[in-house]
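Residues 0 to 199 (numbering that gives the first Met the number 0) make up the sequence shown, in order.
Here a beta-carbon is modelled for each residue, glycine too, at the ideal position from N, C-alpha and C.
Below is one structure, written out as structure tokens; the observations come after it.
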Amino acid sequence: MSIKIYGVPLSQNVRKPLAVAAHIGVEVENPPVRPIDDIVQQKSPSRRVPFMVDADVVLCESNAIMIHLCSRKPNNLYPEERTIRDRINQFLFWDAAHWTPAYQPIQFERLVKKILGMGDADENVVAATLVKFEREAGYLNSALDGREWLAGDAPTLADFAVGCGLTHAKSIDLPLSDYPNIEAWNARVVQLEGFRKTAV
Ligand SMILES: N[C@@H](CCC(=O)N[C@@H](CS)C(=O)NCC(=O)O)C(=O)O
């Protein structure tokens, strides 16, 4: 039975595990469900997407699903070496706690509302979120000083998690030009096979 990852890759949270699977060559099915669909409400532990079914394992949380996928096939995205893994984990938690909330409301206002015909962006929400974005992007930019990748010398799950967050950066007009290290790193990230295969 193949692994199923539910959700549409237009969502950066869904794209994360799909990009990892494509990158390391784990075959997955991708039923394109929406959060309101019955299967999500009935089977996803958090009633959100993405959620994954791998035999008797049912998981939500994109970063947890990426880690699970890495256990299914030898790869270099989640190395055991302590200092690298510590740094990867730091960025996975930062991604969920701080990075995603610093851009997702802008994505909702400027992109999702347009797709769903929900009216104009609320510029107050955008402005308040941009304050958070500036703080977190400043941190990310300095974390990338003198580095090609976020942890160690090669791409890891840290780059997949944080990099997927920039999937819609252009279309939602995130001010990336203020952060040259992020721009240079993102240009490398989008060339990775898993990113090219899941580009939306
Ligand atoms: N922290 C979760 C976030 C998942 C999430 O918020 N998914 C959205 C779609 S991108 C969703 O299902 N929203 C519906 C809801 O919150 O009810 C992850 O990384 O997987």
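Contact test: residue i Cβ vs ligand 1 heavy atom, cutoff 6 angstroms
{"i": "Val-161", "result": "no"}
Residues bridged to residue i (per DSSP)
{"i": "Val-27", "result": "Ile-2"}
{"i": "Cys-59", "result": "Phe-50"}
Buried or exposed (CB count within 10 angstroms, at least 16 for buried), residue i
{"i": "Ser-61", "result": "buried"}
{"i": "Glu-108", "result": "buried"}
{"i": "Val-39", "result": "buried"}
{"i": "Glu-192", "result": "exposed"}
{"i": "Pro-203", "result": "Residue 203 lies beyond the range of the chain shown here (0 to 199); nothing can be said about it."}
{"i": "Thr-82", "result": "exposed"}
{"i": "Gly-6", "result": "buried"}
{"i": "Phe-92", "result": "exposed"}
{"i": "Pro-49", "result": "buried"}
{"i": "Pro-44", "result": "exposed"}
{"i": "Gly-164", "result": "buried"}
{"i": "Arg-33", "result": "exposed"}
{"i": "Ala-186", "result": "exposed"}
{"i": "Pro-16", "result": "buried"}
{"i": "Pro-68", "result": "The residue asked about is misnamed: residue 68 is Leu in this sequence, not Pro. When all chains shown are included, Leu-68 counts as buried."}
{"i": "Ala-198", "result": "exposed"}
{"i": "Asp-94", "result": "buried"}
{"i": "Asp-53", "result": "buried"}
{"i": "Val-189", "result": "exposed"}
Residue i Cβ short of 6 angstroms to ligand 2 heavy atom set
{"i": "Val-52", "result": "Absence of ligand 2 is noted for the structure shown, with ligand 1 being the only ligands found."}
For ligand 1, which residues count as neighbours when the test is a C-beta closer than 5 angstroms to any heavy atom?
Those residues are Ser-10, Asn-12, Pro-34, Arg-47, Val-48, Glu-60 and Ser-61, given in chain order.
Along the chain, which unbroken stretches of the alpha helix (DSSP H) at least 4 residues long are found entirely within the stretch 27-57? 37-42
Fill in: Segments of 4+ residues assigned as alpha helix (DSSP H) that fall wholly inside the stretch 72-113
81-93 and 103-106
Notebook entry, point to check: At what residue ranges does the stretch 107-158 contain a whole run of the beta strand (DSSP E), taking only runs of 3 or more?
Noted result: none
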